[in-house]
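Presented below is the structure to which this report refers.
Numbering (the numbering used here), first residue to last: 6 to 356.
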């Protein structure tokens, strides 16, 4: 079954054996890891002002605000309907990540393409290039086969085919996961607790990163970065400069299969369909019937009769998709974020 997965096909025999060893020595466990990776691949991504759609054929369409060239269409004009990025012809894109003024795309050959604001980290782009309006390859990652990219406010993160995580920083805040000169903006490997752990998914918030880690005994979640509001999930509001395991999932008998890092709050989806949220609870975005902060993952009781299959988080919003196709949302209704035509600034889910 592994032979049918596109990620596996492009690996050398030596790389396959290495992945097998990291997965616990079983091809069945390798397949499980690959499937988790594929399930968490982002093909439709909405940012603060623009959106990206990746088709099953690997084509990319973009629409929305474009003042920095973040649509990749060769200009800075806004678009009000999806437009094909024609400069990517012949390149098959598998995943997309968006920030407020930038976009990154990952190809099936492990390359990363970036466009938008010129202040990209570790790209090799000129600092004077304010607007990058067409996709350009990120040279500093050419030695890494990337399968997922994530963009925070002051950092970017990249997940390799081997399950390793690389982070960069704009140099305006503390480094995430590694210590170096603030002017050094090259991607650096996260090691420490993750050295012998396979990461299957990454999700970036404003100033923190969540990592869904694969282990033969089950999935776990690590976090790193700013702990304001308890969004790292460790029961405190302290910052973490290196990845730390969120241990509270064990106490909940919660096996996470997907994570979503919002701007100030986070969510996790369990293999049994339960949803946990934690972090800043402003406008009820955690779904617990209040606006309190939660420094530990907490099961959303208002969804106790719902089997969730997908989750997504925004600035102060959370969306949950159930197994029957229903969509549940909670948090800020400003600008009709939740689609409910109500006047109040927040809507809470009650059990």
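Cβ atoms here follow ideal geometry from the backbone N, Cα and C, with glycine treated the same way.
For my contact list, residue i and residue j are in at a C-beta cut-off of 8 Å; report their separation, rounded to the angstrom.
{"i": "residue 49", "j": "residue 58", "result": "5 Å"}
{"i": "residue 137", "j": "residue 74", "result": "6 Å"}
{"i": "residue 191", "j": "residue 145", "result": "5 Å"}
{"i": "residue 194", "j": "residue 171", "result": "6 Å"}
{"i": "residue 118", "j": "residue 140", "result": "4 Å"}
{"i": "residue 280", "j": "residue 326", "result": "Actually they do not touch by this definition, with Cβ atoms about 10 Å apart."}
{"i": "residue 270", "j": "residue 301", "result": "About 13 Å; that fails the 8 Å criterion."}
{"i": "residue 77", "j": "residue 120", "result": "4 Å"}
State the Cα-Cα distance for the pair residue i and residue j, rounded to the nearest angstrom.
{"i": "residue 133", "j": "residue 107", "result": "Interpretation of residue 133 is limited by its pLDDT of 47, a score under 50 that renders its predicted location unreliable; no figure is taken from the coordinates."}
{"i": "residue 100", "j": "residue 196", "result": "24 Å"}
{"i": "residue 247", "j": "residue 229", "result": "6 Å"}
{"i": "residue 24", "j": "residue 84", "result": "42 Å"}
{"i": "residue 272", "j": "residue 97", "result": "30 Å"}
{"i": "residue 7", "j": "residue 113", "result": "16 Å"}
{"i": "residue 205", "j": "residue 38", "result": "7 Å"}
{"i": "residue 208", "j": "residue 224", "result": "15 Å"}
{"i": "residue 238", "j": "residue 252", "result": "9 Å"}
{"i": "residue 201", "j": "residue 165", "result": "14 Å"}
{"i": "residue 154", "j": "residue 147", "result": "14 Å"}
{"i": "residue 240", "j": "residue 64", "result": "42 Å"}
{"i": "residue 163", "j": "residue 149", "result": "9 Å"}
{"i": "residue 95", "j": "residue 66", "result": "15 Å"}
{"i": "residue 143", "j": "residue 151", "result": "11 Å"}
{"i": "residue 250", "j": "residue 215", "result": "10 Å"}
{"i": "residue 21", "j": "residue 62", "result": "25 Å"}
{"i": "residue 293", "j": "residue 156", "result": "28 Å"}
{"i": "residue 159", "j": "residue 316", "result": "24 Å"}
{"i": "residue 338", "j": "residue 169", "result": "37 Å"}
{"i": "residue 289", "j": "residue 26", "result": "44 Å"}
{"i": "residue 82", "j": "residue 72", "result": "7 Å"}
{"i": "residue 173", "j": "residue 328", "result": "36 Å"}
{"i": "residue 122", "j": "residue 33", "result": "42 Å"}
{"i": "residue 161", "j": "residue 167", "result": "18 Å"}
{"i": "residue 55", "j": "residue 254", "result": "34 Å"}
{"i": "residue 359", "j": "residue 217", "result": "In this structure the chain extends from 6 to 356, so residue 359 is not present and cannot be described."}
{"i": "residue 51", "j": "residue 40", "result": "24 Å"}
Is the distance from the Cβ of residue i to the Cβ of residue j below 9 Å?
{"i": "residue 333", "j": "residue 311", "result": "yes"}
{"i": "residue 266", "j": "residue 323", "result": "no"}
{"i": "residue 282", "j": "residue 299", "result": "yes"}
{"i": "residue 274", "j": "residue 263", "result": "yes"}
{"i": "residue 219", "j": "residue 203", "result": "yes"}
{"i": "residue 110", "j": "residue 89", "result": "no"}
{"i": "residue 256", "j": "residue 278", "result": "no"}
{"i": "residue 210", "j": "residue 242", "result": "no"}
{"i": "residue 364", "j": "residue 296", "result": "Only positions 6 to 356 of the chain appear in this structure, which leaves residue 364 out of reach."}
{"i": "residue 198", "j": "residue 28", "result": "no"}
{"i": "residue 307", "j": "residue 321", "result": "no"}
{"i": "residue 234", "j": "residue 244", "result": "no"}
Does the beta-carbon of residue i have 16 or more other beta-carbons within 10 angstroms, so that it is buried, or is it exposed?
{"i": "residue 330", "result": "exposed"}
{"i": "residue 268", "result": "buried"}
{"i": "residue 19", "result": "exposed"}
{"i": "residue 91", "result": "exposed"}
{"i": "residue 31", "result": "exposed"}
{"i": "residue 309", "result": "exposed"}
{"i": "residue 104", "result": "buried"}
{"i": "residue 60", "result": "exposed"}
{"i": "residue 53", "result": "exposed"}
{"i": "residue 17", "result": "exposed"}
{"i": "residue 102", "result": "buried"}
{"i": "residue 276", "result": "exposed"}
Taking 8 Å as the cut-off, does the CB of residue i come closer than this to any heavy atom belonging to the ligand SAH?
{"i": "residue 255", "result": "Summarising the ligand content, the structure contains no ligands, and the ligand SAH is consequently not present."}
Task: 4-residue-minimum alpha helix (DSSP H) runs that sit fully inside the region 220-260, ordered along the chain - done: 253-256
Open item on the list: In chain order, what are the residue ranges of uninterrupted alpha helix (DSSP H) at least 4 long that sit wholly in the region 24-65?
Closed with: Listed in chain order, they are 32-44.
Task: 3 or more residues per run - each beta strand (DSSP E) lying fully within the region 260-345 - done: 261-266, 270-275, 280-284, 299-304, 313-318, 322-327 and 332-337
Task: beta strand (DSSP E) segments (min. 3 residues) lying fully within the region 69-110 - done: 84-89 and 98-103
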